[in-house]
Each structure stands twice: as C-alpha cells, then as structure tokens.
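Okay, structure first, notes after.
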Amino acid sequence: MLFKKGIPLPYLLTLPVVIALIIVLFYPTIYAVLMCFQSTGSGTGNPVFVGLENFKTLFTNKEFYQNGLNTLLFTIGSVGISFLLGFGLALLLNSIDFGVSVYRTVFILPIGVTPVVAGLTWNMLLNPLYGILNYFLGLIGIQPLGWTTDIRMALPSVIMIDVWQWTPFMLLILYAGLQMLPKEPYEAALIDGASSLQSFRYVTFPLLKPIIAIAVVLRGLEAFKAFDIIYTITKGGPGRATETWIVRAYMESFRFHRMEMGAVIGIIMLIITILVCRRIVRVLEK
Amino acid sequence: MKRMRFAIGITLMVMLLAATFGISFAANVPNEYSNQIDWKQFSGQQIDVLFSIHPWEENLIPLIPQFEELTGIKVRVTKLPEQEYLTKVPADLTAGIFAFDVFMSQYYDAPKYTMEKWTQPLDEFMNNSKLTDPAWYDWEDFFAGARAVATIGAEYKDRIPITAEAQVLIYRKDILEKLGLKVPETFDELLATAKTIKEKENIAGITLRGGPELWWPMYGFVRSFGGEYIDLKNNASKINNPESKDAVDMYIKCLALTPPGTTSTGWDEINAAILTGKAAMFLDSSVIYSRLEDPKVSQVAGKMDIAPFVKGPAGRIAHSHYWSISMNPKAKNKEAAWLFIEWATSKQVQLQLAMKGVLSPRNSIWEDENFGKVFSKDFIESVKETLKTAVISPANMRFFEMMDILRAAVQEAFSDQSEPDLNGVNEKWQKMLDDMKAGK
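In the order they appear, the protein sequences are chains A and B. With the first letter of the first sequence counted as 1, position 194 gets the number 194 in the working numbering; the numbers rise by one all the way through. With the first letter of the second sequence counted as 1, position 439 gets the number 725 in the working numbering; the numbers rise by one all the way through.
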C-alpha cells in the first residue's frame, strides 16, 4: 500500500533514525524552548504562559552577569592554557624519536579519567585540612592554601584542574596534525636558511592553522558547558566565585525546582554556541 | 510445703517490687498493638514502598515481617542512595510515573509537594475509627516540632515524622578541663571558649558548616537571638532585622574559629573534623552521637561529652529536623498504605527503632526506661531538653533558592571579612515572597 502510494524506500529505511531523533533531540529541544515562556509557579501540572517574563527576571538579575563572567573566564582560561601546554608538548613529542609511545601514553592518561572521579580526587588532594598538596607545601615552609575554599583562588583552581584533564586532548589533536604535515616545506625553508623559530612561525603555524581552529573550537565548546569538575569540587561556591551558567542552570532546574529558569539559561547558551560556531566556521572557510 | 512457701514468698516479693516501681513500669511503652481496629481487614493486599538509604530504613526493614504477620498485607521495598532518591522522586512525580504507595519525604519540600498534590492528605485516615485507634496511636505524643512538620505544606497532614534530630553541643571534656573552662551555655560563652581553645591549644575552637548548607545550623542561631528567616504568616522576610543580623554576625565570628577551608564544609566534613580531633566543639545535629564512641570512626572516643544547645537572648531555640513518610495520592490500596504508615510510626515500632539508635519524634520513647539503657543519661537529657523548644525552618515553595542567596552572602562576607549584605538578601527574598504570593 505505502509503496504504491509512492513513499520511496530510502525514506522508509531512514524512518527509524528520524523517529529516534525526534524523540531524543527535537522533542526535548522544542519542549525546552516552550518552557522558557512558561511559569511553574502554580505547579508543574498547570504551567502558565508568561511571555518574556522569565528572560526579564534573568536579565535583571545581577548574578546572571556574574555567572556569565565566570563562564567566560573559565572558558578562556582553560582553553588558553590547555592550548599552550598541549601545543608545546605536541611540538616536543614531534621532535623526539626515542620513547615517543611511552610519553604519548603517559601524557594522555588524564583524559581517560571520568571528570567526576577527577573532581573528587582533586578535591582530596586540595583539601585544606588533609590535602597532600598543602602537606608538601608545608614541608618547604609555605602556609596551607585554601585552593578551592578561598573566594579568590577557587576559580583559578578549577581552571587548573580542567587544564590538567583536557591538555591531553589538545596534545592529541595537535600532535596528529603535526605528524600529517608534509616534509617538503621544511626542507625548502632549511635550504633558504630559516632558523627553527622562523620555520615554526612561517611554516608550521600556517599549515597547522585549520587543525588548531578545530582543536580550539571543540575544546571551547567543552569548557563552555563544563559541569562535572566545577560541581564536584565547589558546587559554584564559595559565594558565587565558581558559579558558571551551566552550574546555575543545574541549580535552578534540580535544586530549586525551577525548570523554566534552567531552560532559559540552557537556550541562551545554545544560541551563543551556535553563533560562535558559525563565526568560526566562516573564518575557517576563508 | 517448703516449696509452696517459697513460691508465695517470690510472688509477694514481685508484687512488692511492682508496687514500688509501679510508676516506672507505667512509663513504659505498651508492647501490644491496638485491639480497637481490625488489622486484618486488608489482608492479601500489597503495597510498594520506596526508601532513601538511612539508619531508620535499615532498622525498620527487619521489622516489616511483624507488620505482614499482623495485617496480612504484603510489603515490597525498594531503596535508593539519598542523593539519587532526592533527584528521582521529584523527577518521577513531575513526569507522573511515580509508582510507589508510600515513600520517605523531607519537610523542606512539603510546600512544593502539597501544591503539586504529590502527597495524599492523611487526616481522613487518621480520623477514621475503623483505621486508627486515636487513644493508642496518640498523635499528641509527637514533639510539637514534629507535629508542625506534618502540616507545614498545607492545612492538612500530608506526612508523619519518623525521626528526630536537633542541634546540640558536643565538646571535648578533656580540653575544657585542662584549660579550666566551663561548658558554654550562651553564645557569648561559646565564642569566648572557642577563642581560648584556639589560642591555647593547637586545635580549632569549633567546627561549623560553612558550605552550601550553612543555613541549617545558622537557623538555630537566628531563632535563639530572637530573629527569623521568613515570617510565613505575613509573607515577610525577616533576615535583616537587628536580631537576625546579630545572629548572622555571631555565626560568622564562630566560622573564623573553625578549621581551614570552612567555606566548603558540610555535614561529612564537620563530622570528620570533630572525630579526628581537629576541632574541640561541635554545634550541629545530634545524629553524630552514635559515632563519637565508635572506635572505628572516632579518634576521640572517651573524651567527648554533650550539652543542650546554647542559649541566646531569646532563649534556647535549636533547629531540628524530622524525616517523614508520605502516601502517594495515586496509591492503589490507600487504606493498606495507611495501616503501614500507622504501624511504622506507632510507639511500639518507634521504640524498637530507638533501641537501635534511631531517635524518635515521640516524647514517650524518650521517657521509656528501656531506651534509657541504650543511651547515656547526659545524651537523653541534652537532646530532650533541646527538642522541647526546637523549631523547624520556615520552608516554602522556593526555600532552597532563598537559602542559596543567604549562603552566598554569608560566604562572601566571611571571605572578605566584611559585613554580610543582609539588606540585599532581604530585598531579594521579599521579591520572591511577593512573586510567590502572586502565583508567579
């Protein structure tokens, strides 16, 4: 029957995937968008349409901007430092011949650790009372530091841990990129008498640019929505020092029973992500 | 003949003893279930219960066969770790797929749960003489705070308390003796004692929660100073009135005498601090008590003592907490579910649980002489004294969100060594209260 009416076989065959996508992707997204314009103030059973009220509440809240600044600092800090470290290590690995496989394995280990486990482990290492890091600092005469409990040190500390976890990711991509580069341009540069610094500046860097862009974009997306490490270590505190948008969205949805506010933050983050990605893709295409 | 005389002698002696100790026998919880209701009336039915992993549940489960024998009702139990439990239950209720008849509940969520109609009103069962024998069940036997928990979300009872805990003062008697200090009875004495200990001994004076749940112990401070968080009746925020401010100041001053890293400390951390001897005093939930003398977890066993919560200008008003159980309004066998709730919260069962160390929200259990054999006299007296005047927090629909605002302000003030911005907190709270009233 169906075939006679003219539904082509390819469409029929992709139907299961389409249905799955509708269930797990389109439906929740549309539901979240609708939720942004509703209030559950009188019960989740009877949500009320409130127009842009939720957005107004959010934009007039000082904390929203503070959380935004934290998100920005975390993303830039984590991506920037892990890029520099990852790139440096990739260049080092690329320039040695002996024991590469050993170093590669060792450097990549942190990425294999589940972020929640990494968070809990670091939490123990950095504990101001029992932490081993403060113990070693004490041996050389440095007072114990409140790594994650001091309001000024908490954000740098979580950035440090995120860098520890994700530098291997940068290393992996950039190292693969370096390995793929053709040998000929280097030989030409060598004949022209370029120093190693010059050959890096004028040969390696331009050739590697697309790879760098991909690594930074992927890493940036991850850092922008990084939740596990921040939540397991500081839960957004002390004060609001490490509260990023995603942590706030979680708190709103699952701690404060305000699904609509969580949805609003989520949608804003989605829009920012789409805009930034489009911009970067355009730059790459040029 | 000789044997006869012996038997009479024994009988007389027993009667004499019974007469002498008649009063103390009377204070005992009777061990029979009421015969005024027909426990077997729903025999053959089945109920599903969901528990969060907790000492109450661990000790209740072995008693469930007693209930099954008494009523002929079959009980199926499922349990989850607390964090998972607190996420799953509201999520399933929101989605309308929550399939259990009876479940454990925390009173902070009560306003939300009653508004969403996620909990069954229980008055109709409690007032039904076919289901409940009021003289035997004795609702008035629950502590006042515990009875308040039952109706905090609405005008009706939607939950029955199952445990009781309150803030008490736990202290190192060896250190206080060594320094010649007396046990603090007021907040000023507490602060002075903690300061002296910190100066003279290489140990923190006190341990207090400074992390996400700092609002919990702080409520005892605020109320004892005569302040309040929220006036629920008048829908008014009270956090910036002078008494509340003084109490928050006192809390921050005490935080300065805690071990380092206080902005992240929660229940587990303050337990660790006192049990490993890193702090000399502890002003939090009485639940810790059973751990103090347990050499497996305590390095300070034998050195600890307990006193009632300290007094402020408005008296001794500690914060208390009660876990409770509720019924799902979609339960299939509601009467059977009620019999289970009634049984689990009865004096008889509560006493059996109390003997295992689970503190009861019922006054009569604390008076029972068998219970007196399990816990030290000091402990029972201190907790009972505290529970008499203890209060519960003014939970409302957006309670956790409001507490988070207070938490951030206190942590910021503590970190910057500045005054907490309680006027700012007050402004935000009042706006939220107004929004809630308007149904936003």
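Glycine is no exception: its CB is placed at the ideal position from the N, C-alpha and C atoms.
Query	Result
Touch test, the segment 461-479 of chain B against the segment 589-601 of chain B, Cβ-Cβ under 8 Å, three pairs minimum	yes
Interface flag, residue 311 of chain B vs chain A, CB-CB below 8 Å	Confidence at residue 311 of chain B is low in this model, with a pLDDT of 41, below 50, so the placement of that residue is unreliable and no value is reported for it.
Where residue 320 of chain B sits in the DSSP three-state scheme	coil
Secondary structure of residue 415 of chain B, DSSP reduced to three states	coil
Proximity of residue 269 of chain A and residue 235 of chain A at Cβ, strictly below 8 Å	no
is_contact[residue 151 of chain A, chain B] using C-beta, thresh 8 Å	yes
Nonlocal neighbours in the same chain, by C-beta distance under 8 Å from residue 307 of chain B, ignoring five residues either side	Note that residue 307 of chain B has pLDDT 45, beneath the 50 cutoff, so the model's placement of it is unreliable and no number is given.
Host alpha helix (DSSP H) of residue 361 of chain B (start-end)	Here residue 361 of chain B belongs to no alpha helix (DSSP H); instead the beta strand (DSSP E) covers 360-366.
Residue 245 of chain A versus residue 223 of chain A - alpha carbon distance	12 Å
Contact the segment 692-700 of chain B vs the segment 620-638 of chain B: 3+ CB pairs below 8 Å	no
Residue 491 of chain B at chain A interface by Cβ criterion, 8 Å	no
Proximal residues of chain A, C-beta to C-beta of residue 694 of chain B below 7 Å	239, 240
Alpha-carbon spacing of residue 554 of chain B relative to residue 90 of chain A, whole angstroms	42 Å
Length of the line joining the Cα atoms of residue 119 of chain A and residue 551 of chain B	16 Å
Minimum C-alpha distance to residue 65 of chain A - residue among A/240, A/110, A/10	A/240
Among B/363, B/676, B/385, nearest to residue 338 of chain B - alpha-carbon criterion	B/363
Opening and closing residue of the alpha helix (DSSP H) in which residue 465 of chain B lies	Segment: none, residue 465 of chain B is in no alpha helix (DSSP H) and carries neither H nor E.
Buried versus exposed, by CB contacts within 10 Å (16 or more), residue 495 of chain B	buried
Contacts of residue 256 of chain A in chain B (Cβ-Cβ under 8 Å)	684, 686, 687, 690
Beta carbon proximity, residue 29 of chain A to chain B, threshold 8 Å	no
Beta carbon proximity, residue 674 of chain B to chain A, threshold 8 Å	no
Residue-level contact to chain B via CB, residue 333 of chain A, 8 Å cutoff	Lying before the first or after the last residue shown, residue 333 of chain A is absent from chain A, which here runs from 1 to 286.
Contact check, residue 137 of chain A vs residue 128 of chain A, beta carbons under 8 Å	no
Residue from B/347, B/673, B/535, B/443 with nearest C-alpha to residue 455 of chain B	B/673
Three-way DSSP call (helix, strand, coil) for residue 248 of chain A in this model	helix
Interface partners of residue 235 of chain A on chain B, CB under 9 Å	497, 498, 550
For residue 195 of chain A, three-class secondary structure by DSSP	coil
Segment limits, alpha helix (DSSP H) that includes residue 570 of chain B	No alpha helix (DSSP H) contains residue 570 of chain B, which is instead part of the beta strand (DSSP E) from 567-571.
Per-residue contacts from residue 42 of chain A into chain B (C-beta, under 8 Å)	401, 725
Residues near residue 35 of chain A in its chain [Cβ-Cβ closer than 7 Å; skip 5 each side]	259, 260, 263
Close-in-space but distant-in-sequence residues of the same chain around residue 666 of chain B (CB under 7 Å, 5 per side omitted)	652, 658
Residue 126 of chain A beta carbon less than 8 Å from that of residue 105 of chain A	no
Start-to-end residues for the beta strand (DSSP E) that takes in residue 609 of chain B	609-613
Residues bridged to residue 592 of chain B (per DSSP)	B/456
When A/200, A/230, A/115 are compared against residue 94 of chain A, the one with the closest alpha-carbon	A/200
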